[in-house]
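Chemist: I have a structure here, written as structure tokens, and I will follow up with some questions on it.
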Amino acid sequence: MLDAAQDWVRVHSARVWLACVITGGICVTLACILSAISIWRHLRNYTSPVIQKYAIRIIVMIPVYAIDSYMGLVWKAWAFYWDVIRDTYEAYVLYCFFVLMIELGGGEEAMIEQLEEKPQIKFLMPFCCFHIKPGRTFLHRCKQLILQYVYIKLVLTVVTFVTQLFGVYQEGNWSPKYAYLYVTIAYNVSITISLYFLVQFYEATKDILKLYKPLAKFLCIKTIVFFTFWQGILISGFSSIGLIEEHHDWSVEDISYFIESYLICVEMLPLAIVHMFTFGTSSFGDLIPRGDTKAGLVDSLNFRDVMHDTRAAVKKNPKRNIDVGSFTSASKTEQMERVVKQAWLKKRGEDIVKKWKERYFLLISQPAGLVFYKSNPFLNADELRPRGFIPLSLVTEVVTTEKREDKEFVLVTPARRWHILAESTMDRTEWLSAIRSMQLDIVVDGQSNLPT
Numbered sequence: 001m002l003d004a005a006q007d008w009v010r011v012h013s014a015r016v017w018l019a020c021v022i023t024g025g026i027c028v029t030l031a032c033i034l035s036a037i038s039i040w041r042h043l044r045n046y047t048s049p050v051i052q053k054y055a056i057r058i059i060v061m062i063p064v065y066a067i068d069s070y071m072g073l074v075w076k077a078w079a080f081y082w083d084v085i086r087d088t089y090e091a092y093v094l095y096c097f098f099v100l101m102i103e104l105g106g107g108e109e110a111m112i113e114q115l116e117e118k119p120q121i122k123f124l125m126p127f128c129c130f131h132i133k134p135g136r137t138f139l140h141r142c143k144q145l146i147l148q149y150v151y152i153k154l155v156l157t158v159v160t161f162v163t164q165l166f167g168v169y170q171e172g173n174w175s176p177k178y179a180y181l182y183v184t185i186a187y188n189v190s191i192t193i194s195l196y197f198l199v200q201f202y203e204a205t206k207d208i209l210k211l212y213k214p215l216a217k218f219l220c221i222k223t224i225v226f227f228t229f230w231q232g233i234l235i236s237g238f239s240s241i242g243l244i245e246e247h248h249d250w251s252v253e254d255i256s257y258f259i260e261s262y263l264i265c266v267e268m269l270p271l272a273i274v275h276m277f278t279f280g281t282s283s284f285g286d287l288i289p290r291g292d293t294k295a296g297l298v299d300s301l302n303f304r305d306v307m308h309d310t311r312a313a314v315k316k317n318p319k320r321n322i323d324v325g326s327f328t329s330a331s332k333t334e335q336m337e338r339v340v341k342q343a344w345l346k347k348r349g350e351d352i353v354k355k356w357k358e359r360y361f362l363l364i365s366q367p368a369g370l371v372f373y374k375s376n377p378f379l380n381a382d383e384l385r386p387r388g389f390i391p392l393s394l395v396t397e398v399v400t401t402e403k404r405e406d407k408e409f410v411l412v413t414p415a416r417r418w419h420i421l422a423e424s425t426m427d428r429t430e431w432l433s434a435i436r437s438m439q440l441d442i443v444v445d446g447q448s449n450l451p452t
């Protein structure tokens, strides 16, 4: 009797496994076909390479996830190695999505210009009592804190691979003796920070990108990258508290992995359909068909842009493109002739960190404005690049404050507010007099933004 019951369980389990393999295989096949159609349409209409290569890379994530999960259903013994490939590509796709959003905004410089026109915005919960000024530094910090997940995930993938080889990983085992606990905690912290600043970036740019329906694209990435991660954590938690039990010759770990793999196989089909509309050619405007699909394929497989952006992201401060007109190309003698006033002053903007920095300021007559350096450019033998330039033609208001012993004044432009701190009240008066005198000359020439 016991043997008959065991045979029934064995046959029943085999039928369940076979049904899941068949239905999962159908969903995976359809998801891959739909993704291939989307990719082919992009390659046949490859007229916006800067945008479309990232869209193609994002669409490829559907087959990668689907095939990886199906391999977990059929060949569990090799599932770990397939997961390494999936995790690596998942991290890469998050990078592609962020860059795609920037390119849809016209590129990094165009996005910065549009962000700098915005007023201060609040941080999201739970830090909503703090404010930030959108601009170059804001975008650079978002890039760093979103892409940190990419780098950390790659490192943790290697750690997972190595610890698995030595038998100290033990997926689903929350004991502090095994690496799974620490890898999961690191994943959680990294993914939370990345998601937080991805949402912060979306909130700051959603009106800039509204033509391209950024919410739909954001939700697609969030669903695949973040939802599937938390889905796996939830299933692992169920197994830890006993909601998933051993079944005949299937261990708790085998059943948990099987459930997770099957769910992802099924979920990829509706996500592939959504991706056809969200990241398809129609979502990026009218594209003219072009037959050169090889160029598009080669461009999509070229990963040199990843290395370039990685080097830029790891820098502490963003690269600034400071345009001071003909002043920087003029000779030292001609530059000195254009200087109306110069001195060491302290300045701060309204970016994430409101920190006073000492800079050497020059009030120049052509182009009229304040240019500042890290040191005196006339004493330093090396060619110094300017750290910033405030054109007086863009200054809409000059504000004096009672703070810091009447030494501070503020130059207001459409993009931002520049807080400047003089050495003394008399110095501030002299600087304000020189600035306002130059502004009057600009008003006479009809080039000022000052209200008349």
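All letters in the sequence shown, in the order written, are residues 1 to 452 by the UniProt record's numbering. In this text, a Cβ means the ideal position worked out from N, Cα and C, and glycines have one as well.
#1: For a minimum of 3 consecutive residues, which ranges assigned as the beta strand (DSSP E) are wholly contained in the UniProt domain "PH" (338-440)?
#2: So who's on the other strand from LYS122, going by DSSP bridges?
#3: Kindly confirm or deny that the region 147-154 and the region 66-76 touch, where touching means at least three C-beta pairs closer than 8 Å.
#4: Check this for me: beta carbons of TRP344 and LEU421, under 8 Å apart or not?
#5: Taking C-beta to C-beta, are ILE67 and VAL21 nearer than 8 Å?
#6: In terms of residue numbering, what span does the alpha helix (DSSP H) encompassing ASP68 cover?
#7: What are the start and end residues of the alpha helix (DSSP H) that includes THR223?
#8: According to the Cβ coordinates, are VAL371 and LEU362 closer than 8 Å?
#9: Taking the C-alpha atoms as reference points, what is the distance between ILE33 and TYR95?
#10: Would you mind stating whether SER414 and LEU394 have Cβ atoms separated by less than 8 Å?
#11: Helix, strand or coil, according to DSSP, for PRO176 in the structure here?
#12: Between the alpha carbons of TRP8 and ARG15, how many angstroms are there, rounded?
#13: Could you tell me how far apart the beta carbons of MET438 and ILE224 are, in whole angstroms, since I believe they sit closer than 8 Å?
#14: Buried or exposed for GLY232, please, with buried defined as at least 16 other CB atoms from any protein chain shown within 10 angstroms of its CB.
#15: Anyone know if the C-beta pair for VAL199 and LEU124 falls short of 8 Å?
#16: Given this structure, state the Cα-to-Cα distance separating LEU432 from ILE208, to the nearest angstrom.
#17: Assuming PHE226 contacts LEU195 under a Cβ cut-off of 8 Å, what Cβ separation, rounded to an integer in Å, is found between them?
#18: Give the DSSP-derived three-state secondary structure of ASN45 in the structure shown.
#19: Determine whether the beta carbon atoms of ILE435 and PHE389 lie at a separation below 8 Å.
Modeler: Considering the structure as presented:
#1: 339-348, 357-365, 368-373, 388-391, 397-400, 408-412, 417-421
#2: HIS131
#3: no
#4: no
#5: no
#6: 61-74
#7: Neither: THR223 is in no alpha helix (DSSP H) and is coded neither H nor E.
#8: yes
#9: 25 Å
#10: Before going further, note that residue 414 is Pro rather than Ser in the sequence given. For PRO414 and LEU394, yes; Cβs fall inside 8 Å.
#11: coil
#12: Summary for TRP8: the model assigns pLDDT 37, below 50, so the residue's position carries little reliability; its value from the coordinates is reported in the next sentence. The alpha-carbon atoms of TRP8 and ARG15 are separated by roughly 11 Å.
#13: That belief does not hold up - the Cβ atoms of MET438 and ILE224 are roughly 55 Å apart, past 8 Å.
#14: buried
#15: yes
#16: 36 Å
#17: 6 Å
#18: coil
#19: no
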